[in-house]
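Asks: Pasting in a structure now, in C-alpha cells, and then I'll have a few things to ask.
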Amino acid sequence: MSRIGKKPIPVPKDVTVKIDGSVVGVQGPKGKLETQLPRGIRMEQQDGHLVAIREDDSQAAVHGLARALVNNAVEGVTKGWTRELEIVGTGYRAELKGKGMVVFNLGYSHPIEYPLPSGIEVAIDPKQTKLSVSGIDRQKVGQVAAEMRGLRPPDPYKNKGVRYAGERLKKKVGKTGAK
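Mapped onto the working numbering, the consecutive letters of the sequence shown carry residue numbers 978 to 1156.
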C-alpha cells in the first residue's frame, strides 16, 4: 500500500474543496486551482481531511501522485510556492520591464526578454542578481524557474550563469598549461 497515498490531506478552515468526478477544485485565500485525478483514483472528504482512494491495485503507481497533486494545490492556495534563483557572473543581471516581462543580461550580444505566464510573479532584489519566482501552482512555478535557469545554465568551469538558490555545483578543472 502506498504510504504517501494513504496519508490524509488536512484542509484548513479558509479552504473550500469541490469534488466533481475526477476533477478536484480547491479555492483558498490566494486563488483557485483545479486538479485532474488519474483514472481509478477518487477523493473523499472525511471530517476535515481529504483522502485519496484507489479502486484496485492496478492504480498503485499513481495513488501517491494523485494525493501529492491535490496536496500541492491545497498548499498553493493557502501559502503559495516560491523558487529562488541566483545570477552569478560579471555584468549578469535581470530586471522587471513592466508587469509581465523579465529582461536578462547574461553575457550574450543581446538582452533576453522572458514573458511571465499568468499567475506567476517575480521579485528581483536591488542588486539585480537574485530572483524569487512565486505563484499558487507548484508545477508552473517550477517550470518558469527551470526555463529561466535554462537561459544560461551554470558553466562547469567558472560556475557563471543562472542557478537555483542553494544549488551545489561541481567545478571542473580547466586545461593545464604546457611547459
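Heads up, the beta-carbon is just placed ideally off N, CA and C, and yes, glycines get one too.
For G1143, which of A1071, I996 and K1107 has the nearest alpha-carbon?
Replies: Locating residue 1143 in the sequence shown gives position 166, counting from the first residue. Ranking A1071, I996 and K1107 by Cα distance to G1143 puts K1107 first.
Asks: Taking the beta carbon of I981 as the centre, do at least 16 other beta carbons fall within 10 Å, making it buried, or is it exposed?
Replies: On the sequence shown, residue 981 is found 4 positions in, with the first residue counted as 1. By the neighbour-count rule (16 or more Cβ atoms within 10 Å), I981 is not buried but exposed.
Asks: Quick check: the Cα distance between K1009 and K995, rounded to an integer number of angstroms?
Replies: Here residue 1009 refers to the residue found at position 32 when the sequence shown is read from its first residue. Here residue 995 refers to the residue found at position 18 when the sequence shown is read from its first residue. Rounded to whole angstroms, K1009 to K995 spans 11 angstroms at the Cα level.
Asks: Is there contact here, the stretch 996-1016 with the stretch 1060-1070, by at least three beta-carbon pairs under 8 angstroms?
Replies: Contact fails: fewer than three Cβ-Cβ distances are below 8 angstroms.
Asks: Below 8 angstroms on the Cβ atoms is my guess for L1062 versus G1077; work out the distance and round it to an integer in Å.
Replies: For the purposes of this step, residue 1062 is taken as the residue at position 85 of the sequence shown. For the purposes of this step, residue 1077 is taken as the residue at position 100 of the sequence shown. Going by Cβ atoms, the distance from L1062 to G1077 rounds to 17 angstroms, so no, they are not a contact pair.
Asks: Between the stretch 1096-1114 and the stretch 1044-1057, can you find at least three pairs of beta-carbon atoms closer than 8 angstroms?
Replies: Cβ pair count under 8 angstroms is three or more, so yes.
Asks: In this structure, does DSSP put S1086 in helix, strand or coil?
Replies: Residue mapping note: residue 1086 aligns to position 109 of the sequence shown, counting from 1. Coil, per DSSP.
Asks: Under a Cβ-count criterion, where at least 16 other Cβ atoms within 10 Å of its own Cβ denotes burial, should G1138 be classed as buried or exposed?
Replies: The residue given as residue 1138 occupies position 161 in the sequence shown. Label assigned to G1138: buried.
Asks: Can you list, in chain order, the residues of its chain whose CB lies under 6 angstroms from that of T955, leaving out five sequence neighbours each side?
Replies: In the structure displayed, the chain extends from 978 to 1156; residue 955 sits before or after that span and is not available.
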